Amino acid sequence: MKVTIIGLGYVGITTAAGLAEIGHNVIGYDIDSNKVESLKKGISPIYEPGLDELLKKNLKKKKLGFTTSPEEAIHHGEIIFICTGTPSREDGSADLTQVEGAAKTVARHINGYKLIVEKSTVPVKTAQWIERTMKLYLKKKVDFEVASNPEFLKEGDAIRDFLKPDRIVIGVGSKRAERLLKELYKPIRSPIVVTDINTAEIIKHASNAFLATKISFINMISDLCEATGADVELVAKAMGMDKRIGKEFLRAGIGYGGSCFPKDVKALYHVGTQYGLNFELLKNVHEINEARIDVLMKHLKNALWNLKDKNIAIWGLSFKPNTDDIREAPSLKVIKRILNEGGKLTLFDPVAMENMKKVYPEKYPEITYAKDMYEAVKDKEALVILTEWDIFKEACLSKVKELMLTPIIVDGRNIYKPKKVRKMGFEYYPMGRP
Ligand code: UDX
0 MKVTIIGLGY
10 VGITTAAGLA
20 EIGHNVIGYD
30 IDSNKVESLK
40 KGISPIYEPG
50 LDELLKKNLK
60 KKKLGFTTSP
70 EEAIHHGEII
80 FICTGTPSRE
90 DGSADLTQVE
100 GAAKTVARHI
110 NGYKLIVEKS
120 TVPVKTAQWI
130 ERTMKLYLKK
140 KVDFEVASNP
150 EFLKEGDAIR
160 DFLKPDRIVI
170 GVGSKRAERL
180 LKELYKPIRS
190 PIVVTDINTA
200 EIIKHASNAF
210 LATKISFINM
220 ISDLCEATGA
230 DVELVAKAMG
240 MDKRIGKEFL
250 RAGIGYGGSC
260 FPKDVKALYH
270 VGTQYGLNFE
280 LLKNVHEINE
290 ARIDVLMKHL
300 KNALWNLKDK
310 NIAIWGLSFK
320 PNTDDIREAP
330 SLKVIKRILN
340 EGGKLTLFDP
350 VAMENMKKVY
360 PEKYPEITYA
370 KDMYEAVKDK
380 EALVILTEWD
390 IFKEACLSKV
400 KELMLTPIIV
410 DGRNIYKPKK
420 VRKMGFEYYP
430 MGRP
């Protein structure tokens with residue numbers, strides 16, 4: 000089938016590569032010519048394991064192409080996916096101007112029946128706005144429909160999530176749209192849930208907000224564990240053994256970040272209150288998450304007394320492992336707080352340092368970037384761990400201890416066994432553990 004993808008961000012690039020991989024003929028469109036040029040060479044502007052290989056393979060097979068020409072893009076696909084960004088506005092609601100822009104582009108260049116599918120995470124009833132925009136800006140009478148097919152992929156695991164999803168949700172308004180989307184996903188053997196469009200839009204928002212709620216819930220319990228000397232890791236383990244609860248997304252720590260959870264929790268709260276409903280639960284989820292930074296800072300100050308002129312290392316800048324993404328990463332908040340209190344920082348992350356250098360350039364006062372994790376801890380008075388990369392879990396801690404000026408670890412992700420590291424002579428501050 001011929002497919003067009005509008006918007007080449009995380010979701011757009013992965014969807015383009017994934018649909019080409021399962022045999023479709025895909026064109027990706029974006030207004031950013033640098034991005035398009037790089038993608039034409041099979042180089043992804045985002046770090047995602049396996050993505051470059053998939054791009055190169057399908058570019059070579061001519062299953063995949065990229066363009067900055069809206070005409071070429073819109074003429075190509077019978078199915079057109081809108082994968083543009085939906086960032087937060089000041090008040091937390093979703094900014095849908097890019098989605099509107101995509102709809103206008105389709106209206107301007109449409110040349111025959113198109114199924115316009117929203118894949119970006121959008122508030123319920125966005126499809127109706129897309130349809131209205133299309134009708135307003137259409138120059139001639141052309142048949143089109145709008146559908147919703149939310150994407151559930153996780154960064155770092157995006158390709159697997161695309162090719163082997165737990166479920167595929169399609170929200171449609173006609174049998175024709177249902178048939179087209181079922182045919183599109185035929186090569187993927189996952190259950191398909193067919194709904195109306197509003198329901199599909201809510202499924203996506205609700206899924207993300209629920210996962211974020213699970214994280215904030217365990218973080219709330221983490222604070223209770225900390226106050227009473229209990230161990231949140233064991234609480235989570237035992238809770239997770241109950242199949243109704245499940246063990247996933249019960250890892251306590253520094254809290255959730257990234258381009259989805261913080262934005263979607265706020266946006267869904269906004270949608271609910273717009274309808275006059277009590278969505279305070281989501282406000283609490285957000286507030287608990289924000290307060291995680293205070294908990295970590297309290298641990299750091301308990302260890303170092305004052306932060307002024309203290310030399311502190313940070314391991315882990317990305318919002319989670321296996322990605323270079325630092326959007327809404329806890330590291331951004333922690334760095335700011337430590338600098339505000341007069342601390343000096345040495346940062347290390349296996350892939351996210353280039354992105355952090357765009358926020359704090361190399362010559363930024365009081366910040367140094369280390370070549371490796373051991374160089375980062377040399378002569379430091381504390382090590383703060385903010386991302387659970389495998390290399391940190393496997394680090395030679397006796398070497399770390401030797402290199403540090405004072406052997407203090409503040410662990411925002413609970414990656415070590417407290418007894419073991421303390422036995423080695425570290426002062427160790429995990430989250431929610433005795
Ligand atoms: C998320 C959803 O999982 C995905 O379905 C959706 O399409 C996009 O948003 P992503 O943001 O890539 O994906 O990352 P995810 O693995 O869900 O983690 C989000 C954040 O939660 C990270 O900061 C992670 O560190 C944190 N997290 C996750 C926890 O703090 N504890 C957990 O138990 C799990």
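Residues 0 to 433 in numbering that gives the first Met the number 0 are what the sequence shown spells out, letter by letter.
Glycine included, C-beta positions come from ideal geometry on N, C-alpha and C.
Nothing here was measured: the structure is a model prediction, and the numbers come from that model.
Quick test of the definition: if touching needs 3 or more C-beta pairs under 8 Å, does the segment 202–217 touch the segment 251–266?
yes
Is L180 near the ligand UDX, going by C-beta to nearest heavy atom under 7 Å?
no
Considering only heavy atoms of the ligand UDX, does any lie closer than 7 Å to the CB of I414?
no
Using the rule of at least 16 other Cβ atoms within 10 Å of the residue's Cβ for burial, across every protein chain shown, is R432 buried or exposed?
buried
Assumed close pair G254, R291 - CB separation to whole angstroms, cut-off 8 Å
4 Å
Name the residue from D323, A235, R166 whose alpha carbon lies nearest to the alpha carbon of W388.
D323
What beta strand (DSSP E) runs, 3 residues minimum, are completely inside the segment 181–258?
191–194
So, is D348 buried or exposed, given that buried needs 16 or more other C-beta atoms within 10 angstroms?
buried
Between the Cα of F80 and those of C224, S43, E374, Y28, spot the shortest distance and give me the residue it belongs to.
The candidate whose alpha carbon is nearest that of F80 is Y28.
With 16 other Cβ atoms within 10 Å as the buried cut-off, status of L280
exposed
Within 8 Å, do at least three Cβ pairs link the segment 118–133 to the segment 282–290?
no
CB G235 to CB L223, shorter than 8 Å?
The sequence given here has Ala at residue 235, not Gly. Their beta carbons are not under 8 Å apart, which means A235 does not touch L223 by this criterion.
Can you tell me where the alpha helix (DSSP H) with F391 in it begins and where it stops?
389–392
For the beta strand (DSSP E) containing K1, name the first residue and the last one.
In the DSSP assignment, K1 falls within the beta strand (DSSP E) that extends over 1–5.
Between the C-alpha atoms of Q273 and E89, what's the straight-line distance to the nearest angstrom?
If I take the Cα positions, the gap works out to 16 Å.
Using the C-alpha atoms, what's the distance from V358 back to K309?
Straight-line Cα distance between these residues: approximately 22 Å.
Can you tell me the Cα-Cα spacing of K203 and P406, whole angstroms?
CA-to-CA, the gap between K203 and P406 works out to about 44 Å.
Quick one: residues in its chain with C-beta nearer than 6 Å to the C-beta of S87, no 5 flanking neighbours on either side, listed in chain order?
K262, K265
6 Å Cβ shell around H23 - same chain, five flanking residues per side excluded
M0, V2
Which residues bound the beta strand (DSSP E) around F425?
No beta strand (DSSP E) contains F425, which DSSP labels as neither H nor E.
Starting from the N-terminal end, write out each residue whose C-beta falls within a distance shorter than 5 Å of any non-hydrogen atom of the ligand UDX.
F151, K153, E154, I214, F248, R250, Y255, G256, G257, C259, F318, K319
Selection from T85, T104, S92, E77 that minimises the alpha carbon distance to G111:
E77
Counting only beta-carbon separations shorter than 8 Å, does L137 have a partner in chain C?
Of the protein chains in this structure there is only one, and it is not chain C.
Range of the contiguous beta strand (DSSP E) that encloses F347:
343–347
Check whether the Cβ atoms of D165 and S147 lie closer than 8 Å to each other.
no
For a minimum of 4 consecutive residues, which ranges assigned as the alpha helix (DSSP H) are wholly contained in the segment 69–153?
As far as the segment 69–153 is concerned, its whole alpha helix (DSSP H) runs of at least 4 residues are 69–75, 96–108, 125–136.
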